[in-house]
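Chain order of the listed sequences is A and B.
Per our numbering, residue 1 is the first one in the first sequence, and the count goes up by one each step.
Per our numbering, residue 176 is the first one in the second sequence, and the count goes up by one each step.
The beta-carbon is built from N, C-alpha and C at its ideal position, and this holds for glycine as well.
Note sheet for the following structure.
Protein chains: 2
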Amino acid sequence: MKAEIKGNILNPLPVALVGALVNGKPNYLVIGYISPFNFGKHVFFSLFKKRYTTVGIHENMTFSVNIPSISLLQETKLCGSKSGRDYDKTSLFDTFFGDLKTAPMIRECPLNMECEVEQIIDYDLNEGIIGKVVKSYADSNTVFDGKLDIRKVQPIIWATCGDFNYYNIGARVDE
Amino acid sequence: MKAEIKGNILNPLPVALVGALVNGKPNYLVIGYISPFNFGKHVFFSLFKKRYTTVGIHENMTFSVNIPSISLLQETKLCGSKSGRDYDKTSLFDTFFGDLKTAPMIRECPLNMECEVEQIIDYDLNEGIIGKVVKSYADSNTVFDGKLDIRKVQPIIWATCGDFNYYNIGARVDE
């Protein structure tokens with residue numbers, strides 16, 4: 001039996017931390033609406049314009065994407081609840097840089113990606129940010145023969161439409 | 176220890192079936208690069224231009240998003256491996272329509288959304304499709320007090336960067 005439900009039913013979604021250099025300091029924001037694009041050569045995410053991170057992304061036209069493990073849930077929640085305007089997130093994580101010197105990445109996150117902004121799409125109170133992937137990094141204990149084992153990452157996934165809980169990744173379907 | 180890894184590390188990702196009316200018949204395509212956008216009022220996905228579905232989306236400027244359960248894995252894989260050019264997917268599912276008469280939805284999928292195309296972004300061999308959410312639907316056994324319980328949906332999630340396996344959703348983190 002089908003019934004109308006309010007909202008966007010696309011579920012479940014990966015949790016990512018987007019990093020940017022804002023006023024010279026690394027800042028990290030939780031993003032739930034994010035997707036690879038164009039064979040994975042790009043990434044797209046939805047950014048609320050009022051976020052502090054927006055300033056840094058517009059200034060440097062670079063950002064990072066970092067995938068936190070469940071063990072970083074508290075830090076992740078903190079990045080989602082406190083603005084860089086009021087709270088210095090520099091000390092929350094060990095920051096490293098790759099080729100881009102303005103796309104801070106989080107060492108504690110097992111997966112990282114540095115990106116250059118290629119296009120900004122203006123939508124009401126949000127922007128769609130399209131970034132070109134410059135380079136991706138993984139903790140060596142999550143990669144076997146050059147292939148990722150997502151179970152080693154222990155990523156956080158979450159649900160929309162009123163569920164709003166965080167979940168672990170489950171078993172492989174074919175195992 | 177960090178090492179470079181090839182590809183887009185954004186993981187894991189939801190599996191969705193995008194529906195469109197192509198040459199008058201419902202067609203369904205697996206999309207792995209998809210995200211809500213703009214507070215969830217919109218949806219964004221990456222569409223390989225050569226897909227048969229592209230014809231229908233351009234013609235009608237409407238589409239649907241359908242979230243399959245693990246129990247629909249075989250049908251989902253079939254939608255990802257066979258083109259509507261060679262294989263009539265009409266009989267795979269029971270199709271229903273909502274407000275839009277050109278956005279076919281899959282009754283067997285517990286979550287559905289009908290959308291109007293608002294913008295098409297041209298990127299090499301792919302398009303970024305931005306759709307406005309017109310209405311969302313859920314099977315009543317997945318909703319409690321108006322709130323979704325994603326565990327009842329039993330969605331399929333998958334991993335990139337060489338993992339390429341399908342996974343179940345796991346336990347709630349806070350339980």
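Interface criterion met: the Cβ of valine 308(B) is under 7 Å from a Cβ in chain A. For the 7 Å CB-CB criterion, isoleucine 209(B) and phenylalanine 223(B) do not form a contact. Taking a 10 Å sphere around the C-beta of methionine 280(B), we find 16 or more other C-beta atoms and assign the residue as buried. Not a single C-beta of chain B is nearer than 7 Å to the C-beta of isoleucine 129(A). In this structure, lysine 181(B) and threonine 265(B) do not form a Cβ contact; the two beta carbons are roughly 38 Å apart against a cut-off of 8 Å. As a beta-bridge residue in DSSP terms, lysine 307(B) pairs with His217(B) and Glu291(B). If you check the CB distance, glutamate 114(A) and glycine 98(A) come in under 7 Å.
Taking 7 Å as the cut-off, the Cβ atoms of aspartate 269(B) and arginine 282(B) count as close. Under the 7 Å criterion on CB atoms, phenylalanine 37(A) is classed as interfacial with respect to chain B.
Look at the segment 7 to 20 of chain A: the residues with a C-beta under 7 Å from a C-beta of chain B are Gly7, Asn8, Ile9, Leu10, Asn11, Pro12, Leu13, Pro14 and Ala16.
Along the segment 148 to 167 of chain A, the positions whose C-beta sits under 9 Å from a C-beta of chain B are Leu148, Asp149, Ile150, Arg151, Val153, Pro155, Ile156, Ile157, Trp158, Ala159, Thr160, Cys161, Gly162, Asp163, Phe164, Asn165, Tyr166 and Tyr167, read in chain order. Taking a C-beta distance under 7 Å as the contact criterion, leucine 13(A) and threonine 102(A) do not qualify as a contact pair. Put simply, the backbone Cα of serine 315(B) is about 15 Å away from that of serine 244(B).
As for any alpha helix (DSSP H) of minimum length 4 sitting wholly inside the segment 126 to 173 of chain A, the runs are 150 to 153, ordered along the chain. Comparing alpha-carbon positions, the option among Lys322(B), Val193(B), Lys310(B) and Val318(B) lying closest to asparagine 241(B) turns out to be Val193(B). Taken through DSSP and simplified to helix, strand or coil, valine 205(B) comes out as strand.
Among the residues facing chain A, aspartate 297(B) is not included, as its CB has no counterpart in that chain under 7 Å away. Interface flag for alanine 178(B) against chain A is set, since a Cβ pair is found closer than 7 Å.
Residue burial is scored here from C-beta neighbours: glycine 259(B) has at least 16 other C-beta atoms within 10 angstroms and is therefore classed as buried. For isoleucine 67(A), a Cβ of chain B is located within less than 7 Å of the residue's own Cβ.
Boundaries cannot be given for glycine 259(B), as no beta strand (DSSP E) includes it and DSSP labels it neither H nor E. Residue environment: alanine 171(A) is assigned as exposed (fewer than 16 neighbouring CB atoms within 10 Å of its CB, all protein chains considered). Phenylalanine 96(A) is bridged by DSSP to Met105(A). The shortest CA-to-CA distance from lysine 82(A) to any of Gly40(A), Val30(A) and Thr160(A) is the one to Val30(A).
In this structure the segment 322 to 338 of chain B lies against the segment 140 to 153 of chain A, because at least three pairs of beta carbons, one per stretch, are closer than 8 Å.
Chain B has a Cβ within less than 7 Å of the Cβ of leucine 111(A).
Membership of isoleucine 232(B) in the alpha helix (DSSP H) is indicated by the continuous run 227 to 235.
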